[in-house]
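Protein chains in written order, with the numbering used here: chain F, 1 to 187; chain D, 188 to 314; chain P, 315 to 505. Working notes for the structure below.
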Amino acid sequence: MSMTYSYYKNMQLNNIIFVYQGEVTADLVSSILQMVENKLEGEGEDRKVKKRVFNVMVECLQNVYHHLDALPPTDASSSVRDKTALLMIGREERDYYIITGNHVLNDRIPDLKARLDRINRATKEELKQLYQEILTGTGFSEKGTAGLGMIDIARKSGQKLGYDFHPVNDKYSFFSLEARVSRIPEK
Amino acid sequence: MEALRIESTHKTPRVILDPENGIFEFSGRSIPEDSVGFYAPIFEWFDQYAKNPLPVTHVRFDLEYFNTSSSKNILELLKRLEAIHAAGHEVRVTWYYDEDDEDMEETGQDYQALLNLPIELSVKIQS
Amino acid sequence: MVASASEVAPSAALFHAYPLYRNMLDNSIVFMYYGPITPDLIVDILNLIDYRLSGSGEEKRISKKLFNIMVESLSLGEDVNRGHSTLLVRQLPYLYTVSIGRRINAAAVYELKTFIDWVNMLSPEDLREAYHQLLQPPTSAGLPTSVADVPSISILDLARKSSEYLDYLFEYLDENDAFFSLEARIRKNHS
Chain F
1 MSMTYSYYKN
11 MQLNNIIFVY
21 QGEVTADLVS
31 SILQMVENKL
41 EGEGEDRKVK
51 KRVFNVMVEC
61 LQNVYHHLDA
71 LPPTDASSSV
81 RDKTALLMIG
91 REERDYYIIT
101 GNHVLNDRIP
111 DLKARLDRIN
121 RATKEELKQL
131 YQEILTGTGF
141 SEKGTAGLGM
151 IDIARKSGQK
161 LGYDFHPVND
171 KYSFFSLEAR
181 VSRIPEK
Chain D
188 MEALRIESTH
198 KTPRVILDPE
208 NGIFEFSGRS
218 IPEDSVGFYA
228 PIFEWFDQYA
238 KNPLPVTHVR
248 FDLEYFNTSS
258 SKNILELLKR
268 LEAIHAAGHE
278 VRVTWYYDED
288 DEDMEETGQD
298 YQALLNLPIE
308 LSVKIQS
Chain P
315 MVASASEVAP
325 SAALFHAYPL
335 YRNMLDNSIV
345 FMYYGPITPD
355 LIVDILNLID
365 YRLSGSGEEK
375 RISKKLFNIM
385 VESLSLGEDV
395 NRGHSTLLVR
405 QLPYLYTVSI
415 GRRINAAAVY
425 ELKTFIDWVN
435 MLSPEDLREA
445 YHQLLQPPTS
455 AGLPTSVADV
465 PSISILDLAR
475 KSSEYLDYLF
485 EYLDENDAFF
495 SLEARIRKNH
505 S
């Protein structure tokens, strides 16, 4: 039972609103979005901020979907629950943050890192350009949508993307992605 | 007597109290912010209704879920029906529950035990 | 293997994401929430858990039970002027647990603990009897309607619905407040 207390402290410390761990289905995603929307609404969050959090969240969840989809069929002998993901949202004084976590194959990491770094280095204008390049098929994503999703998240969030790859075993790593949305409404 | 109709929200039940058409119904969820505030006008309505009730009042409860603060209010409501019944007017209550919802069934049994009122427990037909 | 562009200042939570995920997985935690609990939120959380359960093909009878227990647990954490509450839902192979955590008046810890201990000792018939008494406040037969701002009927309700021992924890936070958590369990093979 001390578990509830340690999570209480953890959530308080990290300004977490909620965390979900498990399989991600379309229905589940829509119920999570609904909850976030109502919660921000109920607490009288600025309309633009609310919309932005919502849009970024939609893209983040979509992105998890793509990553899970790209995984090979689960190996029954493996102890890694590769199809389960983490979804979390928090609210700090200045920002909301949305963190998703999912497994990726280790050999995908260099490419993902290169993309994320490129996205993070790009200016607003360059992001827009990159986005259009990919849409028209001249950009860097071989599968298209996965690369597009992250650019979209970056554009909608208006801030750099945070990321972390945590090694799980010789096949998988856990990829955490953080998008932030400023609570200070744009003029 | 004027009918009382309250549309359901995702946290409060739909209420229809319509003597003219003989419909008395509570359906949906009951987890209001302020359950006393929600049920107060319903109590008032029944207090008025008690003065001149129909020969037969058949009340249906078809609730999806509710919290204990609503259970207390529902008991209060049923007590008003009990009084109408005790005054010699026929009152029947049907308490619907989902076949898989043993807690809802048990709540119906609680009311049966606590009141001197014909309460029929009825399994909901799955739609 | 942390690498971000130099100007990025991600939250500490990002680097806790994997340990948190592992921890939740190891403890079979599906969902946790921290903040104020309102009826709207209750509805949204129930929806989410509903999808989760139907996704894992749970028996309707068990889903209903879990739902009813969640409704009351959430009500127990609702409308607290003492800050935020916590909800934790676990899905184990043979068991679900719903824990609610909130602040209470530190001076009332002993009273509340004694009350839950008493509830835990009651037979199903005695529980039913006590519950009936509390439903009708004027005749509550000496039972307190609330203990430490916690409605005693909620505790009885959870004990009845879960038909299991209610687990609890108290932690003193400061001289005024204590953290109180209550866990109700739903056994899947319960008949």
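For each residue, glycine too, the CB sits at the ideal point set by N, CA and C.
Within its own chain, the residues whose Cβ lies closer than 6 Å to the Cβ of P:S399, once the five positions on either side in sequence are excluded, are I351, G391, R416, listed in chain order. D:Y236 and D:M188 have their C-alpha atoms some 7 Å from each other.
Note that the C-beta distance between P:Y332 and F:I16 is not below 9 Å. Here P:D431 is exposed, its C-beta having fewer than 16 other C-beta atoms within 10 Å.
For the pair of segments examined, the region 48-57 of chain F was found not to touch the region 281-294 of chain D: the number of CB pairs separated by less than 8 Å stays below three. Inclusion of P:L402 and P:V412 in the CB contact set at 9 Å is warranted, their separation being smaller than that value. Uninterrupted beta strand (DSSP E) stretches at least 3 residues long and entirely within the region 321-405 of chain P occur at 343-349, given in chain order. The three-state secondary structure of F:I98, taken from DSSP, is strand.
Residue pairing by DSSP places F:Q21 opposite F:L86 in a beta bridge. When secondary structure is reduced to three states using DSSP, D:H276 falls in the coil class, being assigned neither helix nor strand. At a cut-off of 9 Å between beta-carbon atoms, F:H66 makes no contact with chain P.
A check of alpha carbon separations from F:S157 across F:E178, F:H166, F:Y172, F:D170 identifies F:E178 as the nearest. Taking a beta-carbon distance threshold of 9 Å, D:L308 does not count as an interface residue toward chain P. If you look at D:I229, you'll find it in the alpha helix (DSSP H) that goes 222-236. The shortest CA-to-CA distance from D:H276 to any of D:L204, D:V243, D:E212, D:G209 is the one to D:V243. Of the residues assessed, P:K378 falls on the buried side of the cut-off, its CB having 16 or more other CB atoms within 10 angstroms.
Annotation: P:D491 has no Cβ neighbours in chain F at a cutoff of 8 Å; minimum Cβ distance is about 12 Å. Taking all protein chains in view, the Cβ of P:E485 is crowded by 16 or more other Cβ atoms within 10 Å, so the residue is classified as buried. For F:L68, the enclosing alpha helix (DSSP H) covers residues 47-70. Unbroken beta strand (DSSP E) stretches of 3 residues or longer found wholly inside the region 241-308 of chain D: 243-253, 277-284, given in chain order. Using a Cβ-Cβ cut-off of 9 Å, P:D471 counts as an interface residue toward chain D, since at least one Cβ of chain D sits closer than that to its own. Excluding five sequence positions before and after D:V310, the CB atoms of its chain that fall closer than 8 Å to its own CB belong to Y283, Y284, D285, E286, given in chain order. Inclusion of D:F225 and D:T255 in the CB contact set at 9 Å is not warranted, their separation being larger than that value.
By the CB criterion at 9 Å, P:I383 and P:L472 fall inside the cutoff. The alpha-carbon of D:V223 is positioned some 54 Å away from that of F:G147.
In the DSSP assignment, P:N419 falls outside any alpha helix (DSSP H) and within the unbroken beta strand (DSSP E) covering 409-419. The Cβ of D:Y236 sits no closer than 9 Å to any Cβ of chain P. For F:V181, the three-state secondary structure derived from DSSP is strand. Within the region 244-257 of chain D, contact with chain P at the beta-carbon level (separation under 8 Å) is assigned to Y252, F253, N254, T255, S256. Assigned with DSSP and collapsed to three states, P:L457 falls in coil, not helix or strand. Taking a beta-carbon distance threshold of 9 Å, P:I418 does not count as an interface residue toward chain D.
With its beta carbon at least 9 Å from every one in chain P, F:K83 lies outside the interface.
Secondary structure at F:V80: coil, using DSSP grouped into helix, strand and coil. D:L262 is a Cβ neighbour of D:L301, given a cutoff of 9 Å. Contact note: F:K39 reaches chain P through L355, using a C-beta cutoff of 7 Å and chain order.
By the neighbour-count criterion, in which a residue is buried when 16 or more other Cβ atoms sit within 10 angstroms of its Cβ, F:N120 is buried.
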